[in-house]
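Asks: Have a look at this one before I ask anything.
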Amino acid sequence: MHTIRFFAFLLLLGLFSSCEKAIDLKLDNSAPQYVIEGTLSGEAGSAKVLISQSKKFTDDNSFIGVSGARVSIESDGNVYQFDATGSGVYQNTALKGLPGHTYSLTVKVNDKTYTSVSTMPQPVALDSIYVVDDEFSTNKDKTKQRLATVTYKDPTDVQNYYRFIQYIDGVKEKTVFVDEDEFTNGQTVNSRLNFNNDNDAPSREIRTGKQLTVEMECIDKPVYKYFYSLTNGASGDGNNAAPSNPMSNITGGALGYFSAYSITRKTITVPAN
Amino acid sequence: MKKNGPPWFSNLIYPLMKLHQLLRIFFCIVLMATVGSKHAFAQSPLEKTITINLNNVPLKQALDQLTAASGVRFTYNEAVAASNVKITINAKGQSLRQVLDVALAAYPYSFTELDQDVLIRYDATKPKKLGADPAAKPATGKFTISGTITSKQSGETMIGATVRVANGAQGTSSNGYGFYSLTLPAGDHQLIVSAIGQKTVMIPISLTADKKLNIALEDNAQELQTVTITATPQGGRDLKSPQMGVEKLSIKEINDIPVLLGEHDVIKTIQLLPGIKSAGEGSGGFYVRGGATDQNLLLLDEATVYNASHLLGFFSTFNSDAIKNVSIYKGDMPAQYGGRLSSVIDIKMNDGNNQQFGVSGGIGLIAARLNVEGPIQKGKSSFLISARRTYADVFLKFAKDTTINRSQLYFYDINAKANYILGDKDRLYVSGYFGKDVLSADNVNGINWGNTTATLRWNHIFNNRFFSNTSFIYSNYDYEIKLKQDVNNYNITSRIHDWNFKEDMQYDIGGDHTLSFGLNSVYHTIKPGEISATGNSGIVSQKLETRYALDNAAYVSDTWKATDRFSLTYGLRLSAFSVLGAGTFYNVNSDGDITDFKHYNSGQVVKTYLNPEPRVAAAFQLNDISSVKASYARNAQNLHLISNSTPGSPTDKWVASTNLIKPELADQFSIGYYRDLAEHKYEFTVETYYKLLQNQVDYRNGANIFTNQPIETQLLYGKGRAYGAEFLIKKKTGRLTGWVSYTLSKSERLIDGINDNQWYNARQDRTHDLAVVGIYKLNEKWTLSANFVFYTGDAVTYPSGKYQIDGTNYYLYTSRNGSRLPAYNRLDLGATKQLKKTKKYSSELTFSLYNAFGNRNAYRIFFRDNKDDPNRTEAVKTTLFTYVPSITYNFKF
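Protein chains in written order, with this note's numbering: chain A, 1 to 273; chain B, 1001 to 1893.
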């Protein structure tokens, strides 16, 4: 369904794209809050927790990691401690997630404890990826924007939630692509990864000869809800009448999420169109 | 621009600077008007000094000579004209009042001012005190006079025309079908009948039995020379009527106000009135007294219009060519209306000219209009067809870009009406509306939406005190989205439609009581969405469950004129909303997850919400020119519009109450003070209100409107409060007319699960809202107009910080609607030039300039990484319109 939402958005954008001007706004500043991004998949090295802090709107965009935290994941009675490996980065290189298992994250930082639970879904295979022309959008040089499409077979008997991550020549696309199977349960799905290259960055364009990689993560429902509400409510795009913080699966008052996901990926060289 | 102070300071001062400029311009206009036409209305006619000598001259002749000497016109009836009284006057530099006092002292005639005329009338009570109540005369019973008030030129029935007894306290006004009924003591009376834009007439009657009197008023609109003697309905806002929070506009007032792209628009015009606020540029919605846009009931010939906007809100669905009259009730609805919390906008279409055939129309920058009307049988039946279409899309065809030249962007609508007078007592009306918006790119992708309404009405006059109207009404709103992506075709449709039966009756019990009562029954069918998909997307064609509801109501209301000064309207509306099967209904826990569900069969009642809605209003007239009023009203609303986009969209969902979504309730208390100033040339109104809202609906954080889950899983409920004071000063006559309206208000919500369960500003909370409207008739050829609006920006949610997720910046929010968009201000200018005017043909050119200051008002503000310096974030303001000129050619023959 996100294709349809995206279309409605484009339509409105086209009509109303009149005059934009950067302005000075006096914004409230809330105290820095911890941001925890915890991930775990079946791949080695995927058990990783990033801890950072929120900043003032007027500050620059370099976010410095928080050190001195104690991070661990518990599963099936085993506790895995994480080591600090860089500024705000905590890893356990030995831990690999298994589908169907539940993982509990505990982060202790500055006398505060934050916890989260995530269950790793069964993997769904990403069958193929291909590139199509978009009907409306163009690149800066007026050529048609090209978009990736993913194909997979959605399993019938469970609710599935997906997150896709797109890389062009190794550059990660910042748009969040999430989907669920409420309209596609049990079907072979061809889903287009729509994005708006709002800053006309050439590195984001899908062009002939570039390497296109798409990772498909099967995520659990709370993580889906997190990313859905993150991209709809907190991206600052001004389309939502009531922007709000996303629904986090971390308790204790930190921002961010913890996701145990299974992953498959495909890479192609973008063919000529 | 060089900045001398902190940025917020320049933001603050900028609108003030503009305001200052505006005030200067406005005062210049006022000054011009006052100086330019001083002779015309600076003085009461009775204060004019004259020098004249008359000796034993018959009354009528004497009055003619007084007119010649003073320029003051006299109004009198046949009895005065035929009088054989002869009078003598020897005046030197005396006021007309003194002259008449002396001259008429010995005779049974009295005089009073009637706007710029002087009314001479037979007065049997003389030499007793002038202005005595005719009711004080020994009465030999009471009789009722009733009939229909129409326009002489067109045969159109006149809504809200006033019928008063000269110098007496009794009076009434015509209802939505032009019918009036007035019970008076037996004897002689002078009836004064007036309506906006019509010449006031005086009708002497002698009541010895019930009497039927149909009245035809003459049009007074185009006679600029005599504009200063246009008899104003005394107190255009009825001082005596207990009805509060009501605004009435005739289409003539609407047509003089400058608008975007020259398309006159009812909905845009009412937003200049106190308490009614625009939901912003690019939105067809409006807020009334702190309520949401879906809390307004829009009626077109009694049919509900569910989406009143064309072109995503830039134009409304109401074609002003086809409209006769607009009444707006701001929460204090009479008992006959119900179903929405904040307001009722009751729009009545023209009936069609039953005297002569006429064609009128116009060509503007983006749209063309045509209106045809005429008699089917002269004086008995008539028809009207009014249509318009935008043609901006024609120009798209010339574009080189294939995406653009294959795009479609237009709307059209058609209003049609016919009526037939079946006899003295019966009249039939059939009316309909059909409108469609088409917005598509590349011929295959697009959205179209539209309303359809049809109304069949039967007026029946049982007797001269008992009027009835029976209506059968159909309303429909639907949209369709077509989308083609690669090999996939999607088609999404949604629809709401109603079958509606309504019976309204008015019974004039006696001199003191008028009863209205009736029934209303609506069957709603809501199809929230149906998606059909072909291709390889895997989307399975499916249909959300259709919802059914039966919406019944009965009401009774009595208007009691307790004394000459005090009147009271009290009534009760009882609404019973039944949610019907077939369908599955759910229970949802606090996280929005379904806990259980139950299936109901077709026709089975899921739940009935019974709501008594009391309505009480009282008016106390302090003196001839001022009154105070107070009222209380409860309203219940069972249809809710679910929207989370900023400007509102055609795809917003109408949802009926269910087992979980409770009826929204509003209790409104209001008090007002009303005063006519300067011989009724000005009117001044202050109204204050306090409104409590229950069962308000809002989205959960992170809700998904495009879901096939029951909508209840996405919603939260709470309460609200809104209060404010509204000021209006209006100048109703003279070369310069217009008004200044100002509203000071607050609107808040408290919803469990939003803003940490604390009160927060509703988006439509606007502290200040000012509108200044001026229309100046420069001469026979030119009419100039200007309006200025200034209001506090909407309450919005701005970030209070930022953070990174997966390398991308996102924003941190603390309090819901805790920030403000920058204040909005805009000046619009308009000018109309009368080109040619004969009896048969007239045409005019209308020029307008929207946003004449070119002020860059914020349509929305969004936040992003700076394009040039990605290490910074910035706030970006989007502006829609600056300096939009337009020219429109209108004709009529």
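Glycine included, each C-beta is placed from N, C-alpha and C at the ideal position.
I'd like to know if Val107(A) contacts chain B, where contact means its C-beta is closer than 8 angstroms to some C-beta of that chain.
Replies: Answer no: the Cβ-Cβ gap between Val107(A) and chain B never drops below 8 angstroms.
Asks: Could you check which residue in Leu1519(B), Tyr1479(B), Val1579(B), Leu1812(B) has the C-alpha nearest to that of Leu1639(B)?
Replies: Per the Cα distances, Val1579(B).
Asks: In this structure, what does DSSP give as the bridge partners for Asp1828(B)?
Replies: Paired residues: Asn1787(B).
Asks: Could you check how far apart the C-beta atoms of Val150(A) and Arg163(A) are, in whole angstroms? I think they sit under 8 angstroms.
Replies: About 11 angstroms; that fails the 8 angstroms criterion.
Asks: Comparing C-alpha positions only, which one of Gly1280(B), Ile1196(B), Leu1297(B), Ile1461(B) sits nearest to Leu1249(B)?
Replies: Leu1249(B) has its Cα closest to that of Ile1196(B), out of Gly1280(B), Ile1196(B), Leu1297(B), Ile1461(B).
Asks: At 9 angstroms on the CB atoms, spell out the chain B contacts of Lys21(A), in chain order.
Replies: By Cβ distance, chain B contributes Arg1856, Val1876, Lys1877, Thr1878, Thr1879.
Asks: Do you know offhand how far Thr1595(B)'s Cα is from Thr1514(B)'s?
Replies: One C-alpha to the other measures close to 52 angstroms.
Asks: Suppose you measure from the CA of Ala1875(B) to the CA of Ile1861(B); what does that come to, to the nearest Å?
Replies: Going from the Cα of Ala1875(B) to the Cα of Ile1861(B) covers about 7 angstroms.
Asks: Taking 8 angstroms as the CB-CB limit, is Val131(A) close to chain D?
Replies: Going by chain labels, chain D is absent from the structure shown, which instead holds the protein chains A and B.
Asks: Taking Cβ-Cβ distances shorter than 9 angstroms, what residues in chain B pair up with Met247(A)?
Replies: Correct list: Arg1700, Asn1701, Gly1702.
Asks: For the stretch 155-162 of chain A and the stretch 215-229 of chain A, state whether three or more C-beta atom pairs, one from each stretch, are separated by less than 8 angstroms.
Replies: Yes, since at least three Cβ pairs between the stretch 155-162 of chain A and the stretch 215-229 of chain A fall closer than 8 angstroms, the two stretches touch.
Asks: Expressed to the nearest angstrom, what Euclidean distance is found between the alpha-carbon atoms of Ile1447(B) and Arg192(A)?
Replies: So the two alpha carbons sit approximately 21 angstroms from each other.
Asks: Per DSSP, what are the beta-bridge partners of Phe1495(B) in this structure?
Replies: Sequence inspection shows Arg at residue 1495(B); the Phe mentioned does not correspond to that position. Answer by DSSP bridge pairing, in chain order: Asp1478(B), Lys1527(B).
Asks: Look up Thr1269(B) in the DSSP assignment and say whether it is helix, strand or coil.
Replies: Residue state, collapsed to three classes: helix.
Asks: Take the Cβ of Thr1157(B) as the centre, count every other Cβ of all protein chains shown within 10 Å, and call the residue buried at 16 or more, exposed below.
Replies: Counting Cβ neighbours within 10 Å, Thr1157(B) comes out buried, since at least 16 surround it.
Asks: Give, in chain order, every residue of the stretch 1788-1819 of chain B whose Cβ lies closer than 9 angstroms to some Cβ of chain A.
Replies: Within the stretch 1788-1819 of chain B, the residues whose Cβ lies closer than 9 angstroms to some Cβ of chain A are Val1796, Thr1797, Tyr1798, Pro1799, Ser1800, Gly1801, Lys1802, Tyr1803, Gln1804, Ile1805, Asp1806, Gly1807, Thr1808, Asn1809, Tyr1810, Tyr1811, Leu1812, Tyr1813, Thr1814, Ser1815, Arg1816, Asn1817, Gly1818, Ser1819, listed in chain order.
Asks: With 16 as the cutoff for other CB atoms within 10 Å, does Ala1762(B) come out buried or exposed?
Replies: Buried is the call here.
Asks: Checking 8 angstroms against the spacing of the C-beta atoms, do Gly1571(B) and Gln1714(B) come in under that value?
Replies: Result no, Cβ atoms of Gly1571(B) and Gln1714(B) do not sit closer than 8 angstroms.
Asks: Report the CB separation of Leu1272(B) from Ala1771(B) in whole angstroms; it is logged as a contact under 8 angstroms.
Replies: Contact flag correct, Cβ pair sits at about 4 angstroms.
Asks: For the stretch 104-112 of chain A against the stretch 53-73 of chain A, do three or more pairs of beta-carbon atoms, one drawn from each stretch, fall closer than 8 angstroms, so that the two count as touching?
Replies: Taking 8 angstroms as the limit for Cβ pairs, the verdict is that the stretch 53-73 of chain A does touch the stretch 104-112 of chain A.
Asks: What is the rounded straight-line gap between the Cα of Asn1214(B) and the Cα of Asn1611(B)?
Replies: Using only the alpha carbons, I get a separation of about 40 angstroms.
Asks: Taking Lys1877(B) and Ile23(A) to be in contact with their CB atoms under 8 angstroms, please state how far apart those CB atoms are, rounded to whole angstroms.
Replies: Contact flag correct, Cβ pair sits at about 5 angstroms.
Asks: In angstroms with no decimal places, state the Cα-to-Cα distance between Leu1063(B) and Phe1074(B).
Replies: The alpha-carbon atoms of Leu1063(B) and Phe1074(B) are separated by roughly 7 angstroms.
Asks: Is Glu1664(B) buried or exposed, if buried means 16 or more other CB atoms sit within 10 Å of its CB?
Replies: Classification of Glu1664(B): buried, given that the 10 Å Cβ count is 16 or more.
Asks: Can you list the residues of chain B that Tyr235(A) reaches, using a CB-CB cut of under 7 angstroms?
Replies: Residue 235(A) is actually Ser in this sequence, not Tyr. Result: Tyr1810.
Asks: Using a beta-carbon distance below 8 angstroms, is Gly45(A) in contact with chain B?
Replies: It does not: the Cβ of Gly45(A) has no partner Cβ on chain B nearer than 8 angstroms.
Asks: What is the residue span of the alpha helix (DSSP H) that Glu1253(B) lies within?
Replies: From DSSP, the alpha helix (DSSP H) with Glu1253(B) extends over 1251-1255.
Asks: So what's Pro202(A) in DSSP terms, helix, strand or just coil?
Replies: Looking at Pro202(A) - three-state DSSP - the assignment turns out to be helix.
Asks: For Glu1780(B), list the residues DSSP reports as bridge partners.
Replies: DSSP, once it has assigned bridges, lists no residue as partnering Glu1780(B).
Asks: What three-state label does DSSP hand Tyr167(A) in the structure shown?
Replies: It is a strand residue.
Asks: Using a Cβ-Cβ cutoff of 8 angstroms, what residues of the stretch 25-43 of chain A are near chain B? List them in chain order.
Replies: Taking 8 angstroms as the Cβ-Cβ cut-off against chain B, the residues of the stretch 25-43 of chain A that qualify are Leu25, Lys26, Leu27, Asp28, Asn29, Ser30, Pro32, Gln33, Val35, Glu37.
Asks: Between Ser1151(B) and Asp1219(B), how many whole angstroms is the CB-CB distance? I'm expecting something under 8 angstroms.
Replies: Confirmed, about 6 angstroms.
Asks: Just to make sure I have the definition right: I need the residues of chain B whose C-beta is within less than 7 angstroms of the C-beta of Pro271(A). Which are they?
Replies: In chain order: nothing, as chain B lies at least about 15 angstroms away.
Asks: Tell me the DSSP secondary structure of Ile1196(B) in three-state form.
Replies: Three-state DSSP puts Ile1196(B) in coil, outside helix and strand.
Asks: Check this for me: beta carbons of Gly1718(B) and Asp1769(B), under 8 angstroms apart or not?
Replies: No, they are not a contact pair.
Asks: How many Å lie between Ala1106(B) and Val1085(B) at the Cα?
Replies: Cα to Cα, Ala1106(B) sits roughly 10 angstroms from Val1085(B).
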